[in-house]
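Before any comments, here is the structure.
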Amino acid sequence: MDFTLSDERRMLQDSLSRYLADNLDHERRRKTLDSGAPYDADLFKGLADLGTLAALFPEEAGGFGGTGPDIALVFETLGRAGTLEPFLPAALAAPLLTDHAGLVEQIIAGDSIVTLAHTEPDARYDLADVSLSAKPTLTGTKTNVLYGAQATHLIVSARETGDRLDPEGISLFLIPTDAPGLTITPITNVDGTASAQVAFTDTQADTRIGEPGQGHALLETATAHAILALSAETLGAMEAAKDLTLAYLQERQQFGRPIGTFQALQHRIADMLTEIEQARSAVLNLAGHLDAPRDTRERHVSATKNLVGRVAALVAEEAVQMHGGIGMTQEYELSHHARRLVMADHLFGDVDHHLERFIHLSGG
Amino acid sequence: MDFTLSDERRMLQDSLSRYLADNLDHERRRKTLDSGAPYDADLFKGLADLGTLAALFPEEAGGFGGTGPDIALVFETLGRAGTLEPFLPAALAAPLLTDHAGLVEQIIAGDSIVTLAHTEPDARYDLADVSLSAKPTLTGTKTNVLYGAQATHLIVSARETGDRLDPEGISLFLIPTDAPGLTITPITNVDGTASAQVAFTDTQADTRIGEPGQGHALLETATAHAILALSAETLGAMEAAKDLTLAYLQERQQFGRPIGTFQALQHRIADMLTEIEQARSAVLNLAGHLDAPRDTRERHVSATKNLVGRVAALVAEEAVQMHGGIGMTQEYELSHHARRLVMADHLFGDVDHHLERFIHLSGG
Amino acid sequence: MDLAFTQAELDFRQEVREFLATSLPHDLSEKVRLIKRLGKDDYQRWHAILNDKGWLAPGWPLKHGGAGWSPVQKHIFEEEACLAHAPRTVPFGITMLAPVLLAFGTKAQVNHHLPRILSGEDWWCQGYSEPGAGSDLASLKTRAVRDGDHYIVNGQKTWTTLGQYANKIFCLVRTDPDAKKQEGISFLLIDMDTPGVTLRPITLIDGQAEVNEVFFDDVRVPVENLVGEENKGWTYAKYLLTHERTNIAGVGFSNAALATVKRVASEVTSGGKPLAQNPFFAARLAQVEIDLMAMATTNLRILAAAEAGRAPGPESSMLKLKGTVIRQELTSLLRRALGPHALPHQPDFLDGGDNTEPLGHEQAPGAAPAYFNMRKLSIFGGSNEIQRTIVAKSVLGG
Amino acid sequence: MDLAFTQAELDFRQEVREFLATSLPHDLSEKVRLIKRLGKDDYQRWHAILNDKGWLAPGWPLKHGGAGWSPVQKHIFEEEACLAHAPRTVPFGITMLAPVLLAFGTKAQVNHHLPRILSGEDWWCQGYSEPGAGSDLASLKTRAVRDGDHYIVNGQKTWTTLGQYANKIFCLVRTDPDAKKQEGISFLLIDMDTPGVTLRPITLIDGQAEVNEVFFDDVRVPVENLVGEENKGWTYAKYLLTHERTNIAGVGFSNAALATVKRVASEVTSGGKPLAQNPFFAARLAQVEIDLMAMATTNLRILAAAEAGRAPGPESSMLKLKGTVIRQELTSLLRRALGPHALPHQPDFLDGGDNTEPLGHEQAPGAAPAYFNMRKLSIFGGSNEIQRTIVAKSVLGG
């Protein structure tokens with residue numbers, strides 16, 4: 120049992136943190152968002168150059184990481200800084216691109232973005248809820264495609280056989296975003312991140328990922344990686360929100376004293392800190408079981424997403440409440456983290472979805 | 120809309136409260152419990168003489184009440200004083216005994232106790248879960264029969280047709296407790312109240328309550344009355360627990376000042392008070408809808424039992440926690456109310472049962 | 282005890298329903314239903330319709346053009362208006378300033394200001410909070426120094442809701458800097474177009490510029506704009522806080538929000554079935570519905586007491602505490618119900634008219650912004666922490 | 282980062298399992314499983330079995346007859362012992378007094394007391410709390426006045442757990458009444474059979490007499506029974522509070538309790554189906570299981586830090602907070618799972634041996650008493666309010 124970071128990981132974390140401290144603050148993030156750009160391309164490239172993306176891929180794929188702890192470390196650091204840049208697609212795609220060395224090389228360099236186009240408008244969070252047809256060209260609509268308007272390629276889930284909700288019969292295809300028959304509508308999400316709605320009309324699908332009809336297991340694996348990444352990022356955002364709140368409680372004076380001296384707030388801070396430690400442990404649990412057999416891994420996937428989602432909402436709501444009005448202004452950094460904390464629950468299944476799934480996976 | 124008490128009801132409440140203040144305190148209750156007696160027979164008789172039982176029956180039955188507000192008023196007063204005496208059976212039996220004027224007269228006088236024998240060992244909270252057979256004599260076992268060892272008569276639910284869980288085919292019978300074939304095992308409950316397990320072996324059942332096979336609707340009506348009574352009693356116990364806690368917070372010194380001056384406890388008291396007002400409103404809602412059409416009434420039954428159960432656990436747990444060790448001692452009055460508050464959830468369906476039932480009744 | 286409304290009250294409810302059915306413009310109610318952003322015109326249109334009917338100022342006496350309604354009537358109107366998705370009436374002139382003027386203002390002030398509020402000629406906003414005076418409002422620093430027939434006002438107010446639409450602001454200002462905190466505060470009426478008044482919008486977490494900072498730089502205010510006595514402003518502010526708060530529980534809003542969540546849950550699917558049938562979602566929804574059923578009765582109990590002339594005690598703090606929790610939980614449930622559809626930010630839809638098509642469910646664009654916006658409920662109007670302290674002190678003293 | 286145990290640790294776990302399988306008497310583990318009440322004999326039997334194996338004192342050095350286990354080994358033993366329903370070892374001598382003696386006692390004290398703790402000759406209890414000194418322990422009033430070779434002790438202690446079985450008590454007493462609160466306190470060892478010591482049992486809410494009041498009336502205690510220096514007792518008490526707290530999270534207890542609730546939920550029915558299949562109950566259970574999975578890892582993180590020699594900070598307070606919430610929630614779930622069966626009070630079953638038949642499910646008699654008893658978890662050992670203050674001060678200062 121060892122919860123310490125290896126020297127290599129500590130160095131990566133240090134260099135990432137330093138780079139982010141030097142190159143990102145709330146004002147610059149606001150400027151990026153106000154400019155209409157989906158994210159800061161220079162920052163993305165700079166982080167890629169530091170090895171941020173390489174840390175998400177194993178050595179055999181040209182990276183130097185790719186394990187659960189690597190993913191957790193990178194995304195916690197990104198989340199603490201409140202980045203908008205497209206790293207989550209790489210976490211999603213990494214386990215799916217084992218046969219695409221060239222593309223992975225481009226991803227690691229920050230030159231290609233490959234993202235998953237999976238959620239359909241009526242599908243909510245069920246991974247097997249795929250209707251987009253592949254007979255053999257693709258027709259249908261995907262939504263919540265993360266950075267879909269900036270991606271160079273999509274990995275698209277499509278149904279070859281069976282009915283909607285059937286885990287069998289789903290295939291994955293790799294499609295360049297300049298393929299004919301794609302209509303991509305860019306979306307800015309409530310939390311400032313980018314996604315897209317993508318309509319497919321008779322789109323050619325020549326490059327399969329995995330075996331025909333066996334895409335569901337791959338979707339689970341990719342989602343497990345993404346949930347780890349998103350949970351770690353959320354943990355980082357909790358830390359950021361906590362730090363802002365602690366500083367504010369010590370600085371803000373009301374009734375002649377810092378509000379952090381009021382016991383009711385002290386006790387709520389104590390509960391918030393305790394829950395953040397729970398979230399940290401939940402992230403560690405999933406990181407440590409990312410390569411475990413499917414049933415074990417998926418139990419941790421749902422346990423972690425459920426717990427982190429609950430704590431994230433608590434931290435966001437408590438941090439805003441303890442700040443009062445200032446916590447609700449866009450000018451102040453907390454509002455960014457609060458939005459990320461809350462909206463992360465809407466990606467890859469919310470707390471209720473994963474509670475139900477945990478019960479199901481536990482044999483209930 | 121009028122939330123004030125009529126002069127008559129206010130007089131009843133005043134006389135009950137005064138009598139209870141003069142004749143019951145924690146020491147006397149402990150003495151009764153330590154004596155092995157199920158309750159204080161003199162106190163029961165004294166309360167009966169004041170009209171406590173008469174207030175649970177309508178005028179046409181020889182009483183002077185029987186409406187929702189009457190039941191709520193009586194039981195809140197009893198609950199605040201923390202009585203152990205057998206009033207709940209009368210609330211249960213009142214709507215079932217419309218054809219038994221003589222018996223009702225004896226009940227009102229405190230000379231007869233008629234209670235419902237309904238719950239079966241494997242039935243949990245489902246009113247339709249009746250297996251005890253009536254073909255035509257009764258054979259089977261009932262448990263949690265309130266004051267079953269002290270009762271003069273039982274109203275027994277039995278199955279004439281259909282299978283377990285079928286609402287159709289359940290009949291009710293009135294049986295004297297000295298009937299042959301009855302084995303009554305007295306039980307003291309964790310909260311100090313009395314109940315019994317009753318085994319029936321070929322027991323004669325000559326006196327029907329209601330039509331054959333139509334007992335389920337009567338059980339619902341009786342349970343609605345009992346849930347109102349128990350919820351009001353629980354509300355009274357909350358008030359008692361609250362009063363003790365407020366007094367303790369003002370009196371108990373730690374760190375050189377009354378613990379009631381600590382803001383963290385102040386804020387928790389505020390939440391507790393707010394929730395108790397919610398419970399009071401829930402009791403009023405059920406009291407006001409006790410004679411409403413079945414679907415409306417039952418929605419309020421489940422809403423009220425759910426809400427009161429949640430608040431009761433909160434009040435019990437918070438009151439004990441704010442007291443610290445002293446709150447956990449039998450010598451101190453709070454322990455009595457805390458047990459009543461918590462264990463009431465185990466009668467007539469707990470918070471989860473009624474949440475599920477509310478959803479079902481709401482068309483979910 | 283009787284939970285039922287009187288026949289007169291039932292008749293009144295029917296009258297309100299009919300009025301809303303015939304007089305509330307559909308495009309306005311659709312905006313409200315879809316949690317779109319209302320502009321000045323939207324509010325003014327609805328104010329004018331209400332004023333034509335004589336219902337714009339529910340609590341004012343008839344002789345001043347008010348409706349003269351009882352607390353229960355106000356409650357009934359509020360319930361029906363919310364269910365019909367009517368815009369809220371902007372409270373600053375009608376339910377905040379006017380009662381203070383009626384109680385403490387001069388006859389001239391009443392006669393001058395009240396008609397202008399009704400007509401829409403004046404749009405008032407509130408100058409209470411300051412950057413350093415939030416929950417601790419009495420520590421406010423904006424100064425008003427007497428100079429002949431004028432006060433010279435310097436300082437800053439913040440969180441001024443809809444100040445961008447206002448031409449008038451009522452302010453708490455410090456007129457005696459040497460007095461103890463609550464003393465030395467006065468209640469002053471200021472024209473927003475007086476030289477030296479500037480306004481800076483604050484963009485909130487939901488992307489809306491709903492609140493503002495207001496700066497006062499040597500602003501000259503005629504002394505006749507003082508309400509009541511100098512240095513007694515805190516009394517008037519407190520009067521305002523303990524009166525005219527019949528709607529503090531927000532029962533009408535919550536009823537409407539509950540209906541919206543139920544409708545969405547029946548329209549969106551989870552695992553191929555309506556979300557409403559999912560036991561986990563149904564449990565959350567039922568729990569808040571049960572809480573709301575009880576709070577509605579708590580609200581009626583307090584209304585009945587108000588109707589009988591009893592002054593509200595800590596109960597109104599309890600209503601605010603429970604009411605905000607319920608309203609916030611309902612905004613959270615709407616966001617949850619919409620699942621992935623709640624993610625996209627759609628300002629064009631929220632600001633747009635009838636013809637903008639939403640991405641995803643029609644309730645999706647408004648859901649997350651409303652959730653974030655409604656965090657304010659537990660912060661403003663006396664934060665929930667302040668309310669808890671009020672409740673505790675009412676029973677513990679000190 | 283590596284969540285896995287080492288091979289040596291896995292081997293140790295296997296060794297513990299085998300020991301428990303062969304050496305834990307079935308009648309004892311059944312008593313624990315059914316939450317029956319253990320008597321003095323039960324505890325002493327189990328202590329003797331552990332002592333024969335050399336495992337009674339996990340943290341003591343080998344040369345004093347301890348097991349010399351690492352924090353992780355202690356944790357593994359605790360986990361396995363709980364899952365096997367072993368009785369807990371009574372902590373007062375082994376994990377509370379002995380570490381203080383080892384750190385601050387004389388050689389003579391160590392050599393005299395430690396063997397008697399292992400042999401069972403001495404049963405220690407704790408004299409810390411007083412009626413007026415609970416959370417504010419430093420305000421204790423029990424006086425010890427030097428009189429030649431003795432201290433004369435007067436005062437009262439309370440909440441003395443299992444004091445009715447003890448022949449010795451370690452006490453915090455005030456030796457300098459003029460010093461500031463925490464100063465002037467000494468740590469004193471007292472024979473319970475000294476004249477002037479009397480004990481009064483306190484019956485708790487669950488009907489058990491688990492705790493006691495202890496009265497001291499001119500009790501003469503030899504000065505050699507002072508531990509460490511006079512007036513330094515607060516330092517030793519604090520040492521005790523921050524050390525030897527590996528089990529503060531109660532993960533082992535919670536794992537066992539979770540297994541019990543799951544088993545009961547699969548055995549009792551609701552609407553004709555196993556309760557485990559009811560989504561409302563399943564949701565409660567899954568939620569606490571998920572919380573426990575995370576807290577178990579928090580616990581391991583702190584263990585790993587302890588193993589690396591780092592002193593525990595506010596983390597142990599967080600573990601106590603979360604650990605007690607989880608344990609209490611599990612007792613609540615067991616009570617809920619049993620439904621109406623949880624109502625009857627069955628002291629004969631709880632105090633009885635193998636042959637008493639329970640009314641209802643076999644886990645029914647213990648369920649409600651355990652729920653009520655376990656409310657103590659958030660009160661004693663530093664109430665959860667005290668723990669929250671510790672956590673907050675660690676980040677906010679003051």
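Protein chains in written order, with our numbering: chain A, 120 to 483; chain B, 120 to 483; chain C, 282 to 679; chain D, 282 to 679.
Where a beta carbon is used, it is the ideal one built from N, C-alpha and C, also for glycine.
Within chain B, partners of residue i - CB distance below 7 Å
i	result
THR550/C	Within 7 Å Cβ-Cβ: nothing; THR550/C doesn't reach chain B, min ~15 Å.
ASP417/D	GLN373 and PHE374
GLU680/D	Because chain D in this structure spans residues 282 to 679, residue 680/D falls outside the shown range and cannot be described.
Residue j beta carbon less than 7 Å from that of residue i
i	j	result
VAL434/C	PHE497/C	yes
SER276/B	VAL249/B	yes
LEU273/A	ILE294/A	yes
GLN382/A	SER416/C	no
ALA435/B	ALA463/B	no
LEU131/A	ALA348/A	no
THR456/C	ASN512/C	yes
GLY401/D	GLN325/D	yes
SER310/D	HIS366/D	yes
LEU315/C	GLY647/C	yes
SER351/C	GLU588/C	yes
LEU640/C	VAL542/C	no
Supposed close pair residue i, residue j - CB separation, criterion 8 Å
i	j	result
ILE471/D	LEU453/D	That belief does not hold up - the Cβ atoms of ILE471/D and LEU453/D are roughly 11 Å apart, past 8 Å.
PHE477/B	ALA567/C	5 Å
Proximal chain B residues relative to residue i, where beta-carbon distance stays under 9 Å
i	result
LEU284/C	MET120, ASP121, PHE122, LEU403, ASN404, ALA406, GLY407 and HIS408
LYS422/D	Near LYS422/D there are no residues of chain B at all, since even the closest Cβ is about 12 Å away, more than 9 Å.
HIS442/A	Neighbours of HIS442/A on chain B: none; closest Cβ ~18 Å, over 9 Å.
ALA585/C	MET120, ASP121, PHE122 and THR123
Amino acids of chain C, ordered along the chain, whose beta-carbon sits closer than 8 Å to that of residue i
i	result
PHE561/D	PRO560 and ALA564
Chain B contact residues for residue i, given Cβ-Cβ distances below 8 Å
i	result
PRO579/C	It is worth fixing the name first, because residue 579/C is Thr in this sequence and not Pro. GLU396, GLN397, ARG399 and SER400, listed in chain order.
Counterpart residues of residue i in DSSP-defined beta bridges
i	result
ILE328/B	LEU291/B
GLY678/D	GLY678/D is not bridged to any residue.
THR479/C	PHE496/C
Cross-chain neighbours of residue i in chain D, by beta carbon under 7 Å
i	result
PRO208/B	None at all; the shortest Cβ gap to chain D is about 15 Å.
PRO240/B	GLY641
8 Å Cβ cut-off: residues of chain A touching residue i
i	result
THR670/D	GLN382, GLN385, HIS386 and ALA389
Beta-carbon neighbours of residue i, restricted to chain A and to distances below 9 Å
i	result
TRP515/C	Ordered by position in chain A, no residue passes the 9 Å Cβ test against TRP515/C, which lies about 15 Å from the chain.
Chain D contact residues for residue i, given Cβ-Cβ distances below 8 Å
i	result
ASP471/B	ASN559, PHE561, PHE562, ARG565 and ARG617
Quick check for students: name the residue ranges of the alpha helix (DSSP H) that lie wholly in the region 627-656 of chain C, counting only runs of 4 or more. 628-632 and 645-654
Any alpha helix (DSSP H) of 4 or more consecutive residues that is wholly inside the region 158-229 of chain A: 160-168, 187-200, 207-212 and 220-228
Let me know the beta strand (DSSP E) ranges lying completely inside the region 404-458 of chain D, each 3 residues or longer, listed in chain order. 405-408, 424-428, 431-438 and 449-455
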